[in-house]
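Residue numbering for the sequence shown follows our numbering, beginning at 163 and increasing consecutively.
Glycine included, each C-beta is placed from N, C-alpha and C at the ideal position.
Being a predicted model, the structure only gives us computed values, none of them experimental.
Structure first, then comments.
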Amino acid sequence: MVSFDHKSIRLFEKIILVFLNIFNFFRNKNNLRILVYHHVEKKDFKKLYNQLKSLKKKWNFITPKEFENHLNKKNILKGRNLLVTFDDGFKSNFFVEKNILNRLHIKAIFFVPSDFIKLKSRQKSQKFINDNILDHLKPKDFKKLKNMSVHDLKILLSKGHEIGSHTKTHANLGFMRSVSSLKKEIIESSKTLGKLLQTDIKHFAFSYGNYESMNYKSLKIAFKKYDFIYSCLRGNNFYNYKDSLIKRDTVYLDSSDDLLKIFLSGFIDLKYLFQIKKMNNKITEMRKK
Ligand SMILES: [Zn+2]
163 MVSFDHKSIR
173 LFEKIILVFL
183 NIFNFFRNKN
193 NLRILVYHHV
203 EKKDFKKLYN
213 QLKSLKKKWN
223 FITPKEFENH
233 LNKKNILKGR
243 NLLVTFDDGF
253 KSNFFVEKNI
263 LNRLHIKAIF
273 FVPSDFIKLK
283 SRQKSQKFIN
293 DNILDHLKPK
303 DFKKLKNMSV
313 HDLKILLSKG
323 HEIGSHTKTH
333 ANLGFMRSVS
343 SLKKEIIESS
353 KTLGKLLQTD
363 IKHFAFSYGN
373 YESMNYKSLK
383 IAFKKYDFIY
393 SCLRGNNFYN
403 YKDSLIKRDT
413 VYLDSSDDLL
423 KIFLSGFIDL
433 KYLFQIKKMN
443 NKITEMRKK
């Protein structure tokens, strides 16, 4: 059996990157990618700061509003653009904003499950995290985890960030067949957030966001309710037409920055191409009905 050590994986990533840089030099330069982070452990704050700071040298970080205007064709972007998003509504995201995004002048979208952000005790918060969000992977600081409060979200909004729905209970909608349950997760969550935050919720990110987590019924309900629907399938959103599924790049803070550069180069997009095509065909079909 062949096994790779840490060093050879890193070297492999470096070699791939050199080829990708040559390849990208000849390609269309228009790019619009979206990063998705989740809970950020305290030990990774420095890494995240350095990562975003170094990306800023080559990428134009856009605001949620600029992203909306690009997709609505009100103001078309140019070059290499990047939007930052956070899923799940962990308290750590609030501190990331305060200590990192704020310092780098980055505006982000925070996707939160509406049931989660209403929780007021650590005990209930931990139960929710355990049962609904982190079913198997537990970070080392699990005991310190909790949700952002409604007050936290209001502060984020006042600082120019955007809040989106990430369902009601963080359910996997791909396995949900009942229309009334799906409506609760997709529509009721937006109503609750809208009421609590006194704002219009226009953005929705599927929990999990992989191909299996988005079935026909859930897509139909989501596209009827929201203007912007996000998956976790990787890809370039520059040429998205209205009503197409938005692609995002999940970032793992425990892996190398070179791996992130490989994701951002679009090298791995091929893996998702057919899934996205199938999804968008489903959506077009729905539109005709
Ligand atoms: Zn999630």
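query = Closer than 6 Å from C-beta to any heavy atom of ligand 1: which residues, in chain order?
reply = ASP249, ASP250, HIS328, HIS332 and SER369
inquiry  = Tell me which residues share the same chain as SER276 and place their Cβ nearer than 6 Å to its Cβ, disregarding the 5 neighbours each side in the sequence.
reply    = Result list for SER276: LYS330, SER351, THR354 and LEU355, in chain order.
ask   = Is LEU335 closer than 8 Å to SER153 when the C-beta atoms are compared?
value = The requested residue 153 is not part of the displayed model; the chain covers only 163 to 451.
message = DSSP three-state label for GLU324, please.
response = Here GLU324 sits in strand by DSSP.
task = Can you grab the Cα-Cα spacing for the pair ARG396 / HIS232, in whole Å?
result = If you take the alpha carbons of ARG396 and HIS232, they lie about 19 Å apart.
ask   = What residue does the beta strand (DSSP E) around ALA333 start on, and which one ends it?
value = The continuous stretches of beta strand (DSSP E) do not include ALA333, and DSSP gives it neither H nor E.
query = Should the segment 256–265 be regarded as contacting the segment 283–294, the criterion being three or more beta carbon pairs within less than 8 Å?
reply = no
task = For the segment 204–220 and the segment 263–282, state whether three or more C-beta atom pairs, one from each stretch, are separated by less than 8 Å.
result = yes
request  = Kindly indicate the opening and closing residues of the alpha helix (DSSP H) around ASN255.
outcome  = Boundaries of the alpha helix (DSSP H) around ASN255: 253–258.
ask   = Using CA coordinates, which residue listed in ASP293, LYS409 and GLU324 is at the minimum distance from LEU432?
value = Nearest to LEU432 by alpha-carbon distance, out of ASP293, LYS409 and GLU324, is LYS409.
request  = Since I believe PHE273 is in contact with SER327 (beta carbons under 8 Å), could you give me their beta-carbon distance rounded to a whole number of angstroms?
outcome  = Contact between SER327 and PHE273 holds, with the beta-carbon distance rounding to 7 Å and staying under 8 Å.
query = Looking at the unbroken alpha helix (DSSP H) that takes in TYR392, where does it start and where does it end?
reply = No alpha helix (DSSP H) contains TYR392, which is instead part of the beta strand (DSSP E) from 390–392.
key: Beta-carbon proximity list for THR412, same chain, < 7 Å, skipping 5 on both sides   = VAL198 and CYS394
ask   = Just the Cα atoms here: how many angstroms apart are PHE252 and LYS382?
value = 28 Å
query = In terms of residue numbering, what span does the beta strand (DSSP E) encompassing VAL341 cover?
reply = Here VAL341 belongs to no beta strand (DSSP E); instead the alpha helix (DSSP H) covers 341–345.
task = Compare the Cα-Cα distances from THR361 to each of VAL312, SER427, LYS236 and VAL246 and report the closest residue.
result = Nearest of VAL312, SER427, LYS236 and VAL246 to THR361, Cα basis: VAL312.
Start and end residues, alpha helix (DSSP H) containing ASP419 = 419–427
ask   = Cα separation between GLU228 and ASN377?
value = 29 Å
Cβ-based burial, ARG195 [other Cβ within 10 Å; buried from 16] = buried
Rounded C-alpha distance that separates ILE438 from ASN183 = Taking the straight line from one Cα to the other gives about 25 Å.
key: Pairwise C-alpha distance: PHE390 and ASP293   = 28 Å
inquiry  = Given this structure, state the Cα-to-Cα distance separating LEU210 from LYS450, to the nearest angstrom.
reply    = Cα to Cα, the separation comes out at about 43 Å.
inquiry  = I'd like the list of long-range same chain contacts for GLY241, defined as Cβ closer than 8 Å, with 5 residues on each side in sequence excluded.
reply    = LYS191, ASN192, ASN193 and ASN222
request  = Starting from ILE438, follow the alpha helix (DSSP H) in both directions and report where the run begins and ends.
outcome  = 432–450
request  = Return helix, strand or coil for LEU296, following the three-state DSSP convention.
outcome  = Looking at LEU296 - three-state DSSP - the assignment turns out to be coil, as it is neither helix nor strand.
Chain C within 8 Å of PHE252, Cβ atoms only = In the structure shown, chain C cannot be found, because there is only a single protein chain.
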